[in-house]
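Q:
Number of protein chains: 2
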Amino acid sequence: MANYTETSYSKWLTLSITLTLATISASAAYMWSKRREENLNQKLIKELQKSLEESFKKCAAERKGRIRAQQDLRKAMTQPKTDKMVTSYPMAPIAIIRSCFSTRNGTPRQPLIVPLARACLMFDTTLVPPASLEGLEEYSHCWIIYVFHLNTDLDKLWKNPSRSKLKAKVRVPRLKGEKMGLFATRSPHRPCPIGLTVAKVESVQGNSILLSGVDLVDGTPVLDVKPYLPYCDSIEGATVPHWVKMDDLLVVASVEFSEDFIATLTECWPAIDKKSLYTSPEEFQILIKQVLSWDIRSLSQRTQVKENCVRTETEQAYSKEGRDIIYHLNLEGLDVAYRITSNSNVIVESVTFSPK
Amino acid sequence: MANYTETSYSKWLTLSITLTLATISASAAYMWSKRREENLNQKLIKELQKSLEESFKKCAAERKGRIRAQQDLRKAMTQPKTDKMVTSYPMAPIAIIRSCFSTRNGTPRQPLIVPLARACLMFDTTLVPPASLEGLEEYSHCWIIYVFHLNTDLDKLWKNPSRSKLKAKVRVPRLKGEKMGLFATRSPHRPCPIGLTVAKVESVQGNSILLSGVDLVDGTPVLDVKPYLPYCDSIEGATVPHWVKMDDLLVVASVEFSEDFIATLTECWPAIDKKSLYTSPEEFQILIKQVLSWDIRSLSQRTQVKENCVRTETEQAYSKEGRDIIYHLNLEGLDVAYRITSNSNVIVESVTFSPK
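If you want it as structure tokens, here you go:
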């Protein structure tokens, strides 16, 4: 009986010990594998974190580049359109006209009819070295190619030539309102607002040319100056349509000056003396006489008088007698007041200093 | 004795069982904690992978944006600078010249000296409605204001007028190489490369003007057309310097045509017949005679002959006798080969079809 219990006990013991050892070794193995798995995960996590960091850096750089490029682009886009530049030539004025005609009103309708009409053509020295004018003085006359810079529709024209409301036909004074194709006229309203005029070359001084007989308004931008070559430019027997005539320019009967005028001119003269293109009040008076020898009034102004002074323009002033309208002409920054009698005698009333 | 062994055995057994249970529970606990840790890691890894993915996407988007912006910027930057636009007027050509003179060589040095020199001034209908030409046909002549588009320095000029290497003085053929200020000449190399020429108005057809007596090369862009007004444009008694003379244009003694010429012209004619400005080979031959009646060779070409044919230009061809140089002139896409004898007789050798 004792033997039997002894053996059964030892069996149990062996079994339990084996079991214990098995359990321990099993859990040990399990722990070991887990440890390896854990290390792998840790490595993966580190790698992921690293590449995420790098990706952030790259992203930030791209963003910075994108923003800079877009800023520059905005700057660039504020410039005129591509398509326009392709189809047009940028013409930089090389000179500016300093003329006795402060406003368009009074500026002669063609060159050389007002011999004393003076202008100084002043070149931009950054574009034109004075040496380039050598020899020009030996010519009696020169062409001036300029921009009609006072056209009110210029902006539209520059922005989109094809869209700008170009008038194909223009009213011709000589034809009392009848219209002609613009290319049959010298109208300033042209697809390319370029003007062509001729003037007498008085002298060349440094980077400027003193001209006379001009029909250019003060501030006109000049694109080019060319010598007048009679053998190419003066065409014998060139003909014009019947409706184009010199007497399109109406000559007045006489030009007289009131006593007031003499007094007021002597008074004003010092204000412009220094910068004037004229050496004395007397010379300036001759200019006024030459300018007013032609009826410089617009068609509407003339007809208005014929219609017995229909008072459309309320601010319109009248002479003491209340019969003649007082017109104004600005020369060299002086306002010249004058009237035209029914027999087209011009009476110059007075002068006042009125810079533009 | 039996009791003793029984108790020791049972002790061992309890111990081992306890140990087993302890081990099992311990490893269970360990497994549990590990499981949690593992789940956390897995979660972290998933999160990292997700944000990495997102970061990549964002990065790609930024990159795309940056590249697009930079491309647009490049486009925009190929346009002229701001400051230039402020100081220059964009002039869009309103017409193009279709002229008999395919190249500059042979194009007359002044208008109206080659009466049969024809051109068709074709207006851009998007800029110029045909009605704007009404009345122009009634004038005998018109001015053409155009761009010297073949000047090789144009690009520089447009990019930066103040920097472009403008030559202040130019060589005057008449003065055998002596220089004059460019504004004392009609040189095409001017700060504003605008040309002025006059032509005879033959007819107006729809949106184009047929002209004759032109000195314009084929493809010339036109900025403006103005009627010629004798009372403003033709100046009586206008004078020029002594060095400016008509005989600056050398007249040749005679112009003769070889038999070869007649044969080759008849052969070539069909190739240009349809689009030619001339109605027959005979009329075309008169044009050639008129063009070659003036010595159209450059100063260097002429002097080269005087210097007894110094063979600087190796590719220069010579006539059979080996004495006269063979010169070329391109009219209406036909290459006209001619030579000038020592007594300045022009012999027209042959014609070959050679479109530009």
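Protein chains in written order, with my numbering: chain A, 1 to 356; chain B, 1001 to 1356.
Virtual Cβ for every residue (Gly too), placed ideally from N, Cα, C.
Look at the alpha carbon of residue 206 of chain A and the alpha carbon of residue 135 of chain A, and state the distance between them as a whole number of angstroms.
A: 12 Å
Q: Use the C-beta contact count for residue 83 of chain A: other C-beta atoms within 10 angstroms, 16 or more gives buried, fewer gives exposed.
A: The pLDDT assigned to residue 83 of chain A is 42, lower than 50, so where the model puts this residue is not dependable; a value taken from the coordinates is nonetheless given after this. When all chains shown are included, residue 83 of chain A counts as exposed.
Q: Should residue 1117 of chain B go down as buried or exposed, given a rule of 16 or more other Cβ atoms within 10 Å for buried?
A: buried
Q: Confirm, please, whether the CB-CB distance from residue 221 of chain A to residue 147 of chain A is below 8 Å.
A: yes
Q: Report the residue ranges of all alpha helix (DSSP H) runs contained in full by the stretch 1128–1172 of chain B; include only those spanning at least 4 residues, in chain order.
A: 1154–1159
Q: Does any residue of chain B have a CB that is nearer than 8 Å to the CB of residue 290 of chain A?
A: no
Q: Express the C-alpha separation of residue 1068 of chain B and residue 1047 of chain B in angstroms, rounding to a whole number.
A: 32 Å
Q: Using 8 Å as the limit for Cβ to Cβ distance, is residue 1239 of chain B near chain A?
A: yes
Q: What is the DSSP secondary structure of residue 1270 of chain B, reduced to helix, strand or coil?
A: helix
Q: Report yes if the CB atom of residue 1145 of chain B is closer than 8 Å to the CB atom of residue 1223 of chain B, and no otherwise.
A: yes
Q: If you measure between the beta carbons of residue 1353 of chain B and residue 1271 of chain B, is that distance less than 8 Å?
A: Cβ atoms of residue 1353 of chain B and residue 1271 of chain B: closer than 8 Å.
Q: Give the interface partners of residue 1207 of chain B over in chain A, defined as CB-CB distance under 9 Å, in chain order.
A: For residue 1207 of chain B, none of the residues of chain A pass the 9 Å Cβ criterion, the least Cβ distance being about 11 Å.
Q: For residue 408 of chain A, which residues in chain B fall below 7 Å Cβ to Cβ?
A: Outside the displayed range of chain A (1 to 356) lies residue 408 of chain A, so it cannot be described from this structure.
Q: Taking C-alpha atoms, which residue in B:1323, B:1285, B:1335 and B:1340 lies nearest to residue 1302 of chain B?
A: B:1340
Q: List the residues of chain A whose Cβ lies closer than 9 Å to the Cβ of residue 1122 of chain B, in chain order.
A: Result: empty, since nearest Cβ-Cβ is about 14 Å, beyond 9 Å.
Q: Taking only three categories from DSSP, how would you classify residue 277 of chain A?
A: Correct three-state label for residue 277 of chain A: coil.
Q: With a cut-off of 8 Å, does the C-beta of residue 178 of chain A fall near any C-beta of chain B?
A: no
Q: Can the beta-carbon of residue 332 of chain A be found closer than 8 Å to that of residue 261 of chain A?
A: With respect to residue 261 of chain A, residue 332 of chain A sits apart: the two C-beta atoms are not nearer than 8 Å.
Q: Along the stretch 336–349 of chain A, what residues have a CB closer than 8 Å to any CB found in chain B?
A: none
Q: For residue 227 of chain A, I'd like the list of residues in its chain whose CB is within less than 7 Å of its CB, leaving aside the five on either flank, ordered along the chain.
A: Once the five neighbours on either side are set aside, the close Cβ partners of residue 227 of chain A are 136, 139 and 142.
Q: Measure the beta-carbon distance from residue 201 of chain A to residue 211 of chain A and round it to whole angstroms, keeping in mind my assumption that it falls under 8 Å.
A: 7 Å
Q: How would you label residue 1323 of chain B, buried or exposed, when you count the other beta carbons within 10 angstroms and need 16 or more for buried?
A: Only exposed fits residue 1323 of chain B, as fewer than 16 other CB atoms lie within 10 angstroms of its CB.
Q: For residue 26 of chain A, which of helix, strand or coil comes out of DSSP?
A: helix
Q: What separation, rounded to the nearest whole angstrom, lies between the Cα atoms of residue 1122 of chain B and residue 1149 of chain B?
A: Going from the Cα of residue 1122 of chain B to the Cα of residue 1149 of chain B covers about 16 Å.
Q: Could you have a look at residue 103 of chain A and say whether DSSP puts it in helix, strand or coil?
A: For residue 103 of chain A, the three-state secondary structure derived from DSSP is coil.
Q: With residue 92 of chain A and residue 1192 of chain B assumed to form a contact (beta carbons below 8 Å), what rounded beta-carbon distance in angstroms separates them?
A: A Cβ-Cβ distance of about 7 Å is found for the pair residue 92 of chain A and residue 1192 of chain B, placing them in contact under the 8 Å criterion.
Q: I need the straight-line Cα distance from residue 90 of chain A to residue 1225 of chain B, nearest angstrom please.
A: 19 Å
Q: Roughly how many angstroms lie between the CA atoms of residue 266 of chain A and residue 281 of chain A, to the nearest whole one?
A: 7 Å
Q: With respect to the beta strand (DSSP E) encompassing residue 87 of chain A, which residues constitute its N-terminal and C-terminal limits?
A: Looking at the DSSP string, residue 87 of chain A is not in any beta strand (DSSP E); the run it does join, the alpha helix (DSSP H), is 82–87.
Q: Taking the alpha carbon of residue 102 of chain A as the reference point, which residue from A:218, A:120, A:297 and A:213 has its own alpha carbon closest?
A: A:218
Q: So what's residue 1236 of chain B in DSSP terms, helix, strand or just coil?
A: coil
Q: Distance cutoff 8 Å, beta carbons only. Does residue 1141 of chain B sit that close to anything in chain A?
A: yes
Q: How would you call residue 1235 of chain B, buried or exposed, if buried means at least 16 neighbouring beta carbons within 10 angstroms?
A: So residue 1235 of chain B ends up on the buried side.
Q: Please report the residue range of the beta strand (DSSP E) in which residue 1202 of chain B lies.
A: 1194–1205
Q: Looking at chain B, is there any beta carbon in it that lies within less than 8 Å of the beta carbon of residue 56 of chain A?
A: yes
Q: Quick check on residue 1032 of chain B - is its C-beta less than 8 Å from some C-beta in chain A?
A: No, residue 1032 of chain B lies away from the interface with chain A (no Cβ there is under 8 Å from its Cβ).
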